[in-house]
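Please read the structure below before turning to the comments.
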Amino acid sequence: MALKLKCKDYGFECDFNIEGEFSESQVKILKEHFEEKHGIDYSKEVVAQMIMNKDHS
Ligand SMILES: [Zn+2]
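Quick note, the sequence shown lines up with residues 1163 to 1219 if you use my numbering.
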């Protein structure tokens, strides 16, 4: 499953984006980004859901 996610899509004023195949490492990258740049500690499950939901929209 190919992804193209923008942090902006989640309501942040941020130019971070991520592309590629859905995988554990994508979840990890996005999770760490939210944590480091936005100070939000989402669980891996929540981040995975965010990615999946995005893909359907
Ligand atoms: Zn961001």
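We put the beta carbon where it would ideally sit given N, CA and C, even for glycine. These numbers come from a predicted model, not from an experiment.
Quick check on the burial criterion: 16 or more other C-beta atoms within 10 angstroms. Buried or exposed for residue i?
i     : result
K1170 : exposed
K1193 : buried
Q1188 : buried
Can you find the residues in the same chain that come closer than 7 angstroms, C-beta to C-beta, to residue i, ignoring five residues on each side of it along the sequence?
i     : result
M1214 : none
Quick one: residues in its chain with C-beta nearer than 6 angstroms to the C-beta of residue i, no 5 flanking neighbours on either side, listed in chain order?
i     : result
I1202 : F1196
E1181 : K1166
Per DSSP, which one or two residues make a beta bridge with residue i?
i     : result
G1201 : Note: G1201 sits in no beta bridge, so no partner.
K1180 : According to the sequence displayed, residue 1180 carries Ile and not Lys. The partner list for I1180 (beta bridge, DSSP) reads L1167.
Check whether the Cβ atoms of residue i and residue j lie closer than 8 angstroms to each other.
i     : j     : result
N1179 : K1190 : no
TODO: Considering only heavy atoms of ligand 1, list every residue whose Cβ is less than 5 angstroms from one of them, following chain order.
DONE: So the residues near ligand 1 by this Cβ test are C1169, F1174, C1176, F1178 and K1199.
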